[in-house]
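For reference, the structure is listed below as structure tokens.
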Amino acid sequence: MKSKSIFLLGIIIISMFPQNIIQAEEKITRTFSSALDFLYLSDAILLNQVEDDETSSISALMSPTIPSPTLDIKTDLINQMINAVKNQRNDHFKKCTETVNLYREQGKTCEADKAEAYCKTKYQQLTDKISSLRILRGGDRRNFFTKTWHSIKRSGAKIWHRIGPLARKVLREVGPQALQIVSTGGAGSHAALRQLFKHTVKKIGREHLKEIAFKGIQRILKVQIDVATAAGIDICDPEKEQTQEDSEQPKVENKTGNELKLPDTGVWNLRCQDTDEFRDKYYQTVVWNVTIDWKARAFTGIIEAQGDQISVTEGAYGAPDIVDKIHLDWKEEGSGSVTEDGFFWGEFSQVITSTNTHQEVVTGSYTQEYTENWIGAISENLDQVCFSRVGARDWFTLDWIRERGRQEMLDNPGGFCEALCYVK
Amino acid sequence: MTEGKKKTGWAVFGLGCGCLVFVVLVALGIYLYAGWVGYQEDPMIVEVQESRSQLVDPYTLSSAQQEQLFTYGYPEAFTILFYEEETVGGGAAPVRLETWDYYTQTIELTFINGNLVAEDPLEIDEVGSLDPLPYYPEQFGAFMSLEEVIAAAGIDTYVDIPLEKEFMEEGVMYFANALTFGLKDNELIYIEALALSEE
Numbered sequence: 084m085k086s087k088s089i090f091l092l093g094i095i096i097i098s099m100f101p102q103n104i105i106q107a108e109e110k111i112t113r114t115f116s117s118a119l120d121f122l123y124l125s126d127a128i129l130l131n132q133v134e135d136d137e138t139s140s141i142s143a144l145m146s147p148t149i150p151s152p153t154l155d156i157k158t159d160l161i162n163q164m165i166n167a168v169k170n171q172r173n174d175h176f177k178k179c180t181e182t183v184n185l186y187r188e189q190g191k192t193c194e195a196d197k198a199e200a201y202c203k204t205k206y207q208q209l210t211d212k213i214s215s216l217r218i219l220r221g222g223d224r225r226n227f228f229t230k231t232w233h234s235i236k237r238s239g240a241k242i243w244h245r246i247g248p249l250a251r252k253v254l255r256e257v258g259p260q261a262l263q264i265v266s267t268g269g270a271g272s273h274a275a276l277r278q279l280f281k282h283t284v285k286k287i288g289r290e291h292l293k294e295i296a297f298k299g300i301q302r303i304l305k306v307q308i309d310v311a312t313a314a315g316i317d318i319c320d321p322e323k324e325q326t327q328e329d330s331e332q333p334k335v336e337n338k339t340g341n342e343l344k345l346p347d348t349g350v351w352n353l354r355c356q357d358t359d360e361f362r363d364k365y366y367q368t369v370v371w372n373v374t375i376d377w378k379a380r381a382f383t384g385i386i387e388a389q390g391d392q393i394s395v396t397e398g399a400y401g402a403p404d405i406v407d408k409i410h411l412d413w414k415e416e417g418s419g420s421v422t423e424d425g426f427f428w429g430e431f432s433q434v435i436t437s438t439n440t441h442q443e444v445v446t447g448s449y450t451q452e453y454t455e456n457w458i459g460a461i462s463e464n465l466d467q468v469c470f471s472r473v474g475a476r477d478w479f480t481l482d483w484i485r486e487r488g489r490q491e492m493l494d495n496p497g498g499f500c501e502a503l504c505y506v507k
Numbered sequence: 597m598t599e600g601k602k603k604t605g606w607a608v609f610g611l612g613c614g615c616l617v618f619v620v621l622v623a624l625g626i627y628l629y630a631g632w633v634g635y636q637e638d639p640m641i642v643e644v645q646e647s648r649s650q651l652v653d654p655y656t657l658s659s660a661q662q663e664q665l666f667t668y669g670y671p672e673a674f675t676i677l678f679y680e681e682e683t684v685g686g687g688a689a690p691v692r693l694e695t696w697d698y699y700t701q702t703i704e705l706t707f708i709n710g711n712l713v714a715e716d717p718l719e720i721d722e723v724g725s726l727d728p729l730p731y732y733p734e735q736f737g738a739f740m741s742l743e744e745v746i747a748a749a750g751i752d753t754y755v756d757i758p759l760e761k762e763f764m765e766e767g768v769m770y771f772a773n774a775l776t777f778g779l780k781d782n783e784l785i786y787i788e789a790l791a792l793s794e795e
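Line by line, the protein sequences give chains A and B.
Quick note: the first sequence uses our numbering, first residue 84, plus one each step.
Quick note: the second sequence uses our numbering, first residue 597, plus one each step.
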């Protein structure tokens, strides 16, 4: 029964290929994805899941140093959002992998490749969402005006909490208070306390989510096949497939009709600036140094960053009671190659050290080391290079990560950069 | 002459005071406005002051659903997702994807637009005693507003959690008695009635 449904899903996935499902879904404003986002978030909040398994360098780094009571409600909520997206991504990945593997076993390479392409695109979207939420969780590196605006908002909101509309109380904790309302019907203690059944049988809740997600995707894909069939498109037809692949092949020189001619000799030192969109949240100073050796078609790079994060616990009358300061040092060095069509690929080793001071007394330090990948692309007039880190390869191959990064850079020039580097 | 200077002095003083008052008022206005924005972004517990109960259900159960209702009764928990899908003609059609859970009978039914698409067994060892669910699937229709959901479900108190735009633009998550739901652009796209058991 299970393999039958996977088989059906597979057929449907293949069927939708000529129409890009992700794009098709984006044309519609009330999407299945949004509804599913709520479903996963509700589960995360009611089960009060806080992000704990971390692949992010920052959170892994921070976990031993930041005491959990300092988490404010906003951070708590963002953590639950991250967890919701991670669960969604895991479920999606599992179902996709089952489908793709089934096709591989059956020798249906074309079908497997197309299903995998869809799965990876969706996976990447969810991964990007997690990254955005992680950046938001830091929030310390916003520009001056944004920080000021948020500070005024926070301060002014306190007044509105006193004089604002009646019968509205600020929430102190997200998960426990939401659960209390769900199980008692009110914030008071009079109602009989009941247990959420999903709490009692947790695996039921998880299975429930997976099944709804699976059936929703099946439905979306089925509709796609109907639309494709109505448009007279054949699925996995070798000739059409070849034409389609040819038209989708990224070609840098075809973007504007000009061929990209890279220099054959010379060493360029680049002046880099980290971009707002990808600026890492905990670091106040970030310095990138990149050198390109055109003859060797190779590049080297160094990133050095430093930052302080300060958390203040309020005491009596709002006076600062406890001040925690975490100082971060981040160093990254590595090298890579430059391809003929102007892309940069490299591996970089990263060392992050944190020192935690508690009211000027050093209480501990922590160091983490790991390797990550960089991708980059040079502009057509060779005056700037856009770099981005693509993180660890957990589920996908390095080739796939690179191809995805390359596609991002082609699709959205300048929009996928963590650093923009110019020729000095 | 002295009288003239005095008058000019008073005029300058008055103008200065006026400017100062203006600046203070603008600053106060910005402060209150920013505070109001921040206040609205904060998660809250809200007690409903006035609510009109909804007399007519916004959705009519399909014949397939009525048949299952006759067999199993009303569900002990249910989830409904509302969204749109592309049509062959190029437009968008609403979809109602719902699951009805019967824990004591260990079965889950899935309907899409009222058609039964799956009957899945639930693997539960012991269910215990469940409270009767105070809601029915037909009480909720696609893209209802918050006021309509409150009226339909007879909600007294709810938790209102505005979501970060990085997670969802214009999305708000709500929790009420045995109920959780989500609105995007003030349109209901997700609702789940939750089973509760005695502690």
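All C-beta atoms in this analysis are idealised placements derived from N, C-alpha and C, irrespective of residue type, glycine included.
Keep in mind that this is a model prediction, so the values were computed, not measured.
{"Check": "Chain B contact residues for K252 (chain A), given Cβ-Cβ distances below 9 Å", "Outcome": "M640, I641, V642, E643"}
{"Check": "Cβ-based contacts, 8 Å cut-off: residues of the segment 729-742 of chain B near chain A", "Outcome": "F739"}
{"Check": "Given D721 (chain B) as reference, the closest of A:T283, A:V253, A:E486, A:D412 once Cα atoms are compared", "Outcome": "A:T283"}
{"Check": "Cβ distance (whole Å) where M764 (chain B) is taken to contact D159 (chain A) below 8 Å", "Outcome": "Contact flag wrong, Cβ pair sits at about 17 Å."}
{"Check": "Endpoints, alpha helix (DSSP H) assigned at P259 (chain A)", "Outcome": "258-267"}
{"Check": "Paired residues, beta bridge with L628 (chain B) - DSSP", "Outcome": "Partner(s): none; L628 (chain B) has no beta bridge."}
{"Check": "Euclidean distance between Cα positions of F707 (chain B) and E719 (chain B)", "Outcome": "20 Å"}
{"Check": "Residue range of the alpha helix (DSSP H) that includes C179 (chain A)", "Outcome": "156-188"}
{"Check": "Beta-carbon spacing of Y731 (chain B), A789 (chain B) below 7 Å", "Outcome": "yes"}
{"Check": "Buried or exposed by the 16-neighbour rule on C-beta atoms within 10 Å, applied to N341 (chain A)", "Outcome": "Note that N341 (chain A) scores 48 on pLDDT, short of 50, meaning its location in the model is unreliable; the coordinates nonetheless yield the value given after this. Exposed, since its Cβ has fewer than 16 Cβ neighbours within 10 Å."}
{"Check": "Chain A contact for L712 (chain B) (CB, 7 Å cutoff)", "Outcome": "no"}
{"Check": "9 Å Cβ cut-off: residues of chain B touching E294 (chain A)", "Outcome": "T695, E704, T706, A714, D716"}
{"Check": "Classification of W243 (chain A) by the beta-carbon crowding that lies within 10 angstroms, buried from 16 upward", "Outcome": "buried"}
{"Check": "Residues of its chain near Q735 (chain B), where Cβ-Cβ distance is below 7 Å and the 5 sequence neighbours each way are ignored", "Outcome": "D653, A748, A749"}
{"Check": "Of the residues A:I128, A:L279, A:N162, A:A167, the one placed nearest I218 (chain A), counting alpha carbons only", "Outcome": "A:N162"}
{"Check": "Straight-line gap, E289 (chain A) to W232 (chain A) (C-alpha atoms, nearest Å)", "Outcome": "Here residue 289 (chain A) is Arg; the residue named in the question, Glu, does not match the sequence. Those two C-alpha atoms are separated by around 40 Å."}
{"Check": "Residue of A:K252, A:P259, A:A502, A:T267 minimising C-alpha distance to A772 (chain B)", "Outcome": "A:T267"}
{"Check": "Beta-carbon proximity list for I641 (chain B), same chain, < 6 Å, skipping 5 on both sides", "Outcome": "V755"}
{"Check": "Selection from A:C504, A:I458, A:Y505, A:T383 that minimises the alpha carbon distance to Q490 (chain A)", "Outcome": "A:I458"}
{"Check": "C-beta neighbour in chain A for T700 (chain B), strict 7 Å", "Outcome": "no"}
{"Check": "Span of the beta strand (DSSP E) around Q433 (chain A)", "Outcome": "426-441"}
{"Check": "7 Å Cβ cutoff, E680 (chain B) in contact with chain A", "Outcome": "yes"}
{"Check": "Chain A contact for V633 (chain B) (CB, 7 Å cutoff)", "Outcome": "yes"}
{"Check": "Stretch-stretch touch, CB-based, cutoff 8 Å, three pairs: the segment 665-685 of chain B with the segment 247-260 of chain A", "Outcome": "no"}
{"Check": "Min CB distance S658 (chain B) to chain A below 7 Å", "Outcome": "no"}
{"Check": "Unbroken alpha helix (DSSP H) run spanning Q664 (chain B), endpoints", "Outcome": "659-668"}
{"Check": "Unbroken alpha helix (DSSP H) run spanning L729 (chain B), endpoints", "Outcome": "Per DSSP, L729 (chain B) belongs to no alpha helix (DSSP H) and is neither H nor E."}
{"Check": "CB contact below 7 Å: I785 (chain B) versus chain A", "Outcome": "yes"}
{"Check": "Nearest-angstrom beta carbon gap, A502 (chain A) and T358 (chain A) [assumed within contact, 8 Å]", "Outcome": "7 Å"}
{"Check": "Coarse secondary structure for I746 (chain B), derived from DSSP in three states", "Outcome": "helix"}
{"Check": "Beta-carbon spacing of S125 (chain A), T753 (chain B) below 7 Å", "Outcome": "no"}
{"Check": "7 Å Cβ cutoff, T667 (chain B) in contact with chain A", "Outcome": "no"}
{"Check": "Proximity to Q260 (chain A) [Cα-Cα], best of B:I757, B:L779, B:G686", "Outcome": "B:I757"}
{"Check": "Residue burial classification, L621 (chain B) (beta-carbon count within 10 angstroms, cutoff 16)", "Outcome": "exposed"}
{"Check": "Inter-residue CB distance, I409 (chain A) and Q433 (chain A) (contact presumed, cutoff 8 Å)", "Outcome": "That pair is no contact at about 18 Å."}
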